[in-house]
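In my numbering, each residue's number is its place in the sequence shown (first place is 1) plus 168. Where is the CB? At the ideal position from N, CA and C, for every residue including glycine. Notes follow once the structure below has been shown.
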Amino acid sequence: TLGSTSTICSDKTGTLTQNRMTVAHMWFDNTIIEADTSEDQSGCQYDKTSEGWKTLSRIAALCNRAEFKTGQENVPILKREVNGDASEAALLKCVELAVGDIKGWRARNKK
């Protein structure tokens, strides 16, 4: 659970048509931002050094039980299979695309 979280805003796409969820928009630093869902992050429209993004990405990575199935290191992130809730899988893929090494973050920040 997200315990003391007071507001979570999300926009999920692909739920019915593809049976999966994708983060489409994010809200941080008092701005709604369209998420870049490309593998190369070429359309990134936000400052990844901002405190708002750092906080949001840390929460999405660490307060999340979804995990990539093993043996998929060479599979593009958006095509990887995930064990876990569809919403958490969408957050995991979003942050893995934007930041990378979520597995390492989790190893360094044990629950």
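Among the options, the one whose alpha carbon lies nearest that of residue i
i    : options                   : result
T276 : A234, R226 and E219       : Residue 276 is actually Arg in this sequence, not Thr. With distances taken between Cα atoms, R276 lies closest to R226.
H193 : L259, D253 and K279       : L259
D215 : R233, N198, L230 and A229 : N198
A234 : T223, F196 and E264       : E264
C231 : I245, S255, I200 and W195 : S255
P244 : S206, R274 and S218       : S206
D266 : R188, L224 and M189       : Position check: residue 266 holds Ala in this sequence, whereas Asp was assumed. It is L224.
K279 : K247, G268, A229 and Q240 : A229
G220 : R248, A257 and F196       : F196
Residue interval of the beta strand (DSSP E) (run including residue i)
i    : result
I201 : T199 to E202
M194 : H193 to F196
Whole-Å CB distance - residue i paired with residue j, under 8 Å assumed
i    : j    : result
E202 : Q213 : 6 Å
Beta-bridge partners of residue i, as assigned by DSSP
i    : result
Q251 : The residue asked about is misnamed: residue 251 is Asn in this sequence, not Gln. Paired residue(s): E235.
C-beta atoms of residue i and residue j nearer than 8 Å
i    : j    : result
T250 : K271 : For the sequence presented, residue 250 should be read as Val rather than Thr. No, the pair does not count as a contact, with Cβ atoms beyond the cut-off.
Endpoints, the alpha helix (DSSP H) within which residue i is located
i    : result
L230 : E219 to L230
G272 : I270 to R276
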